[in-house]
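Student: In this note's numbering, the protein residues as written are 424 to 648. A single structure is presented below for examination.
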């Protein structure tokens with residue numbers, strides 16, 4: 424299941440840019456144009472992360488942040504044109520996990536989102552499962568049909584990404600960005616090499632293939648035929 428991100432921002436042009444960037448990265452991005460609506464949406468369908476503007480009509484971002492924090496531990500990335508130290512302290516004291524001053528680059532925004540989600544995932548260690556495959560994120564141990572699978576650090580990151588996005592076609596660009604942090608370029612075969620390593624380990628007991636190639640696009644983890 425994709426991570427769900429709620430944008431609470433009254434500037435529709437900014438909302439469109441952020442939604443487009445987040446969707447391209449594989450997230451589900453919804454939006455509210457004022458604080459009250461954002462709170463209602465967050466309470467009705469709790470997101471995995473909230474992107475919150477400070478200067479909102481009606482209920483401002485600080486009040487929204489405080490109410491969100493009272494209700495739970497959802498990570499909050501605050502956006503604002505206020506750039507003094509006192510303003511940053513106020514935002515963080517209200518419960519924000521991170522703080523970005525407008526204007527900002529989309530690439531940095533997406534990197535901040537990834538960092539907050541990674542931190543949350545690490546704090547919420549779980550066992551991810553798909554078909555007969557499981558991955559314990561606390562011990563970083565994978566197994567298939569009770570067969571323990573030893574993974575390198577990058578193989579683990581790659582497998583975790585697939586298990587957190589089952590049945591979703593992941594483009595090569597998204598995989599490079601989420602696992603390596605940058606794109607090696609269209610000519611690099613490093614991803615194909617790691618996919619081959621991972622498949623060999625997952626299938627060494629004669630099990631069916633779970634990670635499939637989508638030619639010209641990337642890869643997908645889907646059910647055994």
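Using N, Cα and C, we set each Cβ at its ideal position, and we do this for glycine too. The structure displayed is predicted, hence computed values, not measured ones.
Please determine, among 460, 425, 429, the residue with the shortest C-alpha to C-alpha distance to residue 651.
Tutor: Examination of residue 651 is not possible in this model, given that the chain is present from 424 through 648 alone.
Student: Leaving out five residues on either side along the sequence, give the residues of the same chain with a beta carbon under 7 Å from the beta carbon of residue 566.
Tutor: Cβ within range, chain order: 557, 572.
Student: Would DSSP call residue 517 helix, strand or coil?
Tutor: Coil at residue 517, not helix or strand.
Student: Suppose only complete runs of 4+ residues qualify. What are the alpha helix (DSSP H) ranges in the stretch 438-474, listed by chain order?
Tutor: Listed in chain order, the complete alpha helix (DSSP H) runs (minimum 4 residues) inside the stretch 438-474 are 458-467.
Student: Indicate whether the contact test is met: 3 or more Cβ pairs, each with one atom in the stretch 440-448 and one in the stretch 482-497, closer than 8 Å.
Tutor: Cβ pair count under 8 Å is below three, so no.
Student: Could you spell out the range, first to last residue, of the beta strand (DSSP E) harbouring residue 600?
Tutor: It is not in any beta strand (DSSP E) - residue 600 carries neither H nor E in the DSSP assignment.
Student: What does residue 522 pair with, by DSSP beta-bridge criteria?
Tutor: According to DSSP, residue 522 bridges with 501.
Student: Between residue 603 and residue 644, what straight-line distance do the alpha-carbon atoms span, to the nearest angstrom?
Tutor: Whole-angstrom Cα-Cα distance: 19 Å.
Student: Counting pairs of beta carbons, one from the stretch 461-472 and one from the stretch 583-603, are three or more of them closer than 8 Å?
Tutor: Touching, no, given that fewer than three Cβ pairs across the two stretches are closer than 8 Å.
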